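Residue 12 is where the first sequence starts when you use the working numbering, and the numbers rise one by one after that.
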Amino acid sequence: MTFLPLRDRLAAAVRAALEAAQAAGDLPPFEIPAAVPVEPARHAAHGDYASPVCLGLARVVRRAPLQIAQALISHLPPTDFIGGVEAVAPGYLNFTLSEPWLAQQVAAILEAGERWGNIALGEGQRVQVEFVSANPTGPITIGSARNAVIGDTVAAVLEAAGYQVEREYYVNDAGSKARKLAVSVFNQYAARLGAPVMLDEETYPGAYIGALAETLAASAGRRYLELEREAALREIMRWAIEQVLQTVAEDLARLRVHFDTWRHERDFYAPGPEGQPSLFEQRLAALREGGYIVERDEALWFTHPDLDKDAVLIRSPRVVPNPEDRPTYLASDAVYVWDKLVLRGFDRAIYVWGADHHGDVPRLLAVTQAQGLDPSRVNIILYQMVTLLRGGVEVRMSKSSGEFVTLRELVDEVGPDPIRFMMLTRTVDVTLDFDLDLAIEQSDRNPVYYVQYAHTRIAGVLRKATELGLALDAPGDLTLLTHPSELALIRKMLALPEIIALAATALAPHHLTLYATELAALFHAFYRDCRVVDPEALPLTQARLMLARAAQTVLARVLHLMGMAAPERM
RNA sequence: GCCCCUGUGGCUCAAUUGGAUAGAGCGUUUGGUUGCGGACCAAAAGGUUUCAGGUUCAAGUCCUGACAGGGGUACCA
């Protein structure tokens, strides 16, 4: 069950009016724009929606915008939802929704339930959202929390918008970071058993390394000391990464983030079945055939006219001892985008990257194009960094120094709801200060609880009604809903489909927090102005109970889209 | 140097992607319930959207150039 956003329905009506006016000779022939603009009115005096289409048409039609608007009004097709239209200087068409129609929509929302807001925008296209994908070399940090929340919420929004979505975590287990993890574990393992350590390689200092080494020593004894060094490292690497991934999955689950698939970079370099070349070798051959590979200083480079540099390294014997095993990230990116768009057949691939990776964007798009794929099928969400504030002071973090706040600590301290909400309050383009004290604080300064409180408050009203013996699902006379606060609440509930369209199109999940806050505010205003449970006025009570239930449903829907709980009590 | 993001009331941010009178929260000031949960609501003050040009019927939004803050610019990922 899907719904057409009201603005789309209005745009269709305006388009029909344009065509009818032309057919009737009231407007000269001209090409009607592909997209007829309609937007929510910013001021109540302008009605509910406004279309500036006539302003832009004035030149081609060679007539004053206001005249065009007036001509359109008489040709507007009859609809049940338009209550009034006005042509206003300098040429706007202002629409007011029909109030009786608005009141009836409460029933439609109740019938839709948590499907309210679903739209058909995606037309069933398959989209992969790949996010977090942090190096599996240690616990998830708070920096990845923003990534996780953005990715998961974008995925949820796209699902609501009619896409088939898969959530994927890309496991970087083929690079030097993975080796560093293996060496780190090996060294502490060896030290525990009194064996010499490898001093010539960098290691991670975190306490979790010690825990891994402890487990390894307990389960494997001296086995890895007796193995050839590189073979031991390879095995330890594989084992350690699986261990880390397990805790990564657990930590993210505490934030209510789950993945459908975990794709391992290493698989791109494994030989194919029956001695076929690896996926990487296959893609490398294709790129070479396209003339995108140059050889220089014993290394392979990717070159493309769209790059600002003349070439980017794709494989070199100097990166690491075993170049067959360990190419650069660009090599993997090339294989991976092919894997997504061709081998697994996604229509679109969405990447969620921290802004520190912005330099990689042109490379990924170039290497996509170089393989004959349309780069517009690749969308990269770049989000700015998070700074964690405690007591008003920035908490500096660095994984390589071992000083960081883990996601697990954060979730344990403040719970998933404040984290998810606060990570979504701003556009991805803005650096985010995460105020730990505010997140923990359970007061009216904390915006997180404002929305949840509205949901809780409705639950309280419904409990009260039940105590008085009222049936919550009894049909009420919705025509009794005429109070401005009632209608304002309904108007906002009806806007959900277009909010989802907006968030899905722009890949901008922050619109949800804004919408949820506005919806909550309108419920609170309704609650103040209109007593719901009134034994002296039972018909009105039944109608308002329907409205309250509908509002609760929409609030719950938005909270769930954001991955938050919709509590009955707080 | 080059690339990316940002600059909007005291503070933190929105603005449906180029539309009319730029909106919220926090903070400040002043009020509100002998009634469904006060984690609520109302009112007031507070703005030349960093600056200078340009495009357009229309610019916070697009273009050019400054200025300021952040990030990136490895044969790391």
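Ideal placement from N, C-alpha and C gives every residue a C-beta, glycine not left out.
The model shown is predicted, which means the values in this text are computed figures rather than measured ones.
- Here P51 is bridged, per DSSP, to Y60.
- Considering only T272, A561, P147, the residue with the shortest C-alpha distance to R355 is T272.
- Around the Cβ of A264, a 10 Å sphere holds fewer than 16 other Cβ atoms; the residue is exposed.
- Bounds of the beta strand (DSSP E) holding E141 are 137-141.
- The continuous alpha helix (DSSP H) containing F291 extends over residues 290-300.
- G217 and T148 have their C-alpha atoms roughly 10 Å apart.
- Two segments are said to touch when three or more pairs of C-beta atoms, one from each, lie closer than 8 Å; by this definition the stretch 382-401 does not touch the stretch 115-133.
- Contact annotation, T314 with L324: C-beta distance approximately 11 Å; criterion of less than 8 Å not satisfied.
- The alpha helix (DSSP H) runs lying completely inside the stretch 424-457 and spanning 4 residues or more are 427-434, 447-451, given in chain order.
- Leaving aside the five residues that flank T417 on each side, the residues in its chain whose CB is nearer than 8 Å to its CB run, in chain order, P150, I151, T152, I153, D262.
- The count of Cβ pairs closer than 8 Å, one atom from the stretch 466-473 and one from the stretch 176-189, stays below three, leaving the stretches out of contact.
- For D19, the closest alpha carbon among the candidates D350, I510, D540 is that of I510.
- Secondary structure note for W312: its beta strand (DSSP E) is the uninterrupted segment 310-313.
- Here the C-alpha atom of A166 lies approximately 16 Å from the C-alpha atom of T438.
- About 6 Å separates the Cβ atoms of Q382 and A297, confirming a contact at the 8 Å cut-off.
- By the Cβ-count criterion, G186 is buried, with 16 or more other Cβ atoms from all chains shown falling within 10 Å of its own Cβ.
- Taking C-beta atoms as the reference points, L38 and V72 count as a pair closer than 8 Å.
- M433 is classed as buried because its beta carbon has at least 16 other beta carbons within 10 Å across all chains shown.
- Contact between I430 and L421 holds: CB atoms are separated by about 6 Å, below the 8 Å threshold.
- Taking a cut-off of 8 Å for Cβ pairs, the stretch 86-99 and the stretch 26-40 touch, as three or more such pairs fall below it.
- Within the stretch 474-546, the alpha helix (DSSP H) runs of at least 4 residues that lie entirely inside it are, in chain order, 495-505, 507-517, 521-540.
- In summary, Q139 is buried, with 16 or more beta-carbon neighbours lying within 10 Å of its beta-carbon over all protein chains present.
- The DSSP-derived three-state label of L227 is helix.
- Excluding residues up to 5 positions away in sequence, T438, V439, L513 lie with their Cβ nearer than 8 Å to the Cβ of A519 in the same chain.
- The three-state secondary structure of E42, taken from DSSP, is coil.
- For Y461, DSSP records no beta bridge to any residue.
- A straight line joining the alpha-carbon of R249 with that of L192 spans about 10 Å.
- Residue burial is scored here from C-beta neighbours: P550 has fewer than 16 other C-beta atoms within 10 angstroms and is therefore classed as exposed.
- Restricting attention to R374, I120, V194, V404, the CA atom closest to the CA of E212 is found in V194.
- Per the coordinates, the alpha-carbon of P578 lies some 7 Å from the alpha-carbon of Q463.
- For L238, there is no enclosing alpha helix (DSSP H), as DSSP marks it with neither H nor E.
- One thing to note: Y362 has its Cβ within 8 Å of the Cβ of I391.
- Residue state for G217 is assigned as coil, using DSSP reduced to three classes.
- Within the stretch 88-134, the complete alpha helix (DSSP H) segments of 4 residues or longer fall at 110-123, listed in chain order.
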